[in-house]
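These notes are about the structure you will find just below.
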DNA sequence: TATAGTGTACTAGTAATCTATTACACGCAT
DNA sequence: ATGCGTGTAATAGATTACTAGTACACTATA
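Chains as they are written, first to last, in our numbering: chain E, 402 to 525; chain S, 402 to 525.
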């Protein structure tokens with residue numbers, strides 16, 4: 402996995418797991434890969450994995466069962482909130498940054514439109 | 402100034418200066434506040450300011466004149482690239498994150514629309 | 001009961017970031 | 001020439017993030 406060295410690895414792993422859950426690659430109630438396996442997969446130390454997971458446990462996103470593994474919560478409220486936050490955060494960032502550059506709402510729409518067209522063109 | 406403790410302060414200051422330039426609060430050729438003054442304003446050490454500025458100098462965004470101060474470049478190409486990058490970056494982040502959640506282009510447009518409406522409502 | 005697979009805890013060492021402090025280099029006005 | 005305002009450099013210490021390694025705790029199953 403590629404990490405941005407401007408942000409703590411444990412935090413990027415947190416986001417990675419959250420995204421796996423939101424996108425459905427880790428279903429509600431599913432078991433998360435073992436900490437030692439994750440450490441291998443992400444080429445990172447077990448302690449770093451542990452740090453990321455323990456925060457997800459504190460947040461209620463994961464449930465830890467000693468001797469068994471870590472599991473995705475089945476709490477629908479938590480899962481819904483997770484998805485909402487994952488969508489809102491980048492929107493807020495976009496809005497704030499472009500507003501700081503004095504772009505109007507219309508110019509933001511246009512910028513997104515242009516960007517989408519560009520990306521769709523590239524992926525042909 | 403409020404800093405995100407997940408990202409190095411020197412990097413956040415870099416972005417802060419870049420934004421001041423792009424938004425026009427620091428015009429082309431204008432003098433950047435003295436390093437000691439910036440350190441006071443941002444309640445940060447002079448070394449940290451220096452680290453941020455020296456990278457902006459390396460990038461060609463600022464020009465350093467020993468004994469005189471740091472000045473915004475007058476190179477139109479550099480300034481234009483700065484603005485472009487500042488707009489593209491959050492767009493790319495939005496697109497990538499929402500695409501990872503399996504949102505379509507139309508859903509992205511709709512999400513932005515909803516978000517803008519929400520923000521404009523709040524600011525009344 | 002033994003073993004394999006799981007989470008958890010602890011210590012030690014390295015590297016990066018930030019602070020504090022001091023000193024030096026340059027340009028300009030008095 | 002002096003002094004003030006500027007950028008620059010260098011050292012030492014605190015804190016955090018990460019790695020490496022070891023050990024322990026719990027569960028299920030052969």
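Note that the Cβ used here is the ideal one computed from N, Cα and C, for glycine as well.
| query | result |
| --- | --- |
| Chain-ordered neighbours of residue 495 (chain E) on chain S, where CB pairs are closer than 7 Å | 491, 492, 495 |
| Cβ-Cβ distance between residue 449 (chain S) and residue 412 (chain S) below 8 Å | no |
| Below-8 Å beta-carbon distance, residue 467 (chain S) vs any chain E residue | no |
| Segment contact, 8 Å Cβ cut-off, at least three pairs: the region 474 to 489 of chain S with the region 492 to 503 of chain E | yes |
| Selection of the region 409 to 432 of chain E by Cβ proximity to chain S, strictly under 7 Å | 409, 412, 420, 423, 424 |
| Residues that residue 521 (chain S) contacts on chain E, provided the C-beta gap is smaller than 9 Å | 506 |
| Three-way DSSP call (helix, strand, coil) for residue 448 (chain E) in this model | helix |
| Buried versus exposed, by CB contacts within 10 Å (16 or more), residue 467 (chain S) | exposed |
| Span separating the alpha-carbon of residue 491 (chain E) from that of residue 473 (chain S) | 30 Å |
| Under 8 Å by beta carbon: chain S residues contacting residue 509 (chain E) | 513, 517 |
| Minimum C-alpha distance to residue 425 (chain E) - residue among E:439, E:475, E:445, E:451 | E:475 |
| Distance CB(residue 516 (chain E))-CB(residue 496 (chain S)) smaller than 8 Å | yes |
| For residue 522 (chain S), the first and last residue of its enclosing alpha helix (DSSP H) | 506 to 523 |
| Span of the beta strand (DSSP E) around residue 443 (chain S) | Taken as a continuous stretch (DSSP letters only), residue 443 (chain S) belongs to no beta strand (DSSP E), as it is neither H nor E. |
| Within-8 Å CB hit, residue 488 (chain S) to chain E | yes |
| N- and C-terminal bounds of the alpha helix (DSSP H) containing residue 499 (chain S) | 477 to 501 |
| Three-state secondary structure assigned by DSSP to residue 457 (chain E) | helix |
| Contacts that residue 452 (chain S) makes with chain E (C-beta to C-beta distance below 9 Å) | Those within 9 Å of residue 452 (chain S) in chain E number zero; the least Cβ separation is about 13 Å. |
| Residue 508 (chain S) versus residue 514 (chain S): straight-line alpha-carbon distance, rounded | 10 Å |
| Nearest-angstrom Cα separation, counted from residue 498 (chain E) out to residue 464 (chain E) | 36 Å |
| Limits of the beta strand (DSSP E) - the one that residue 465 (chain S) falls within | 463 to 466 |
| Cross-chain neighbours of residue 501 (chain S) in chain E, by beta carbon under 7 Å | 420, 424 |
| Test item: CB-CB of residue 454 (chain S) and residue 436 (chain S) under 8 Å | yes |
| Proximal residues to residue 430 (chain E) (C-beta, below 7 Å), its chain only, five neighbours per side dropped | 472, 473, 475 |
| CB contact flag (residue 441 (chain S), residue 414 (chain S), <8 Å) | no |
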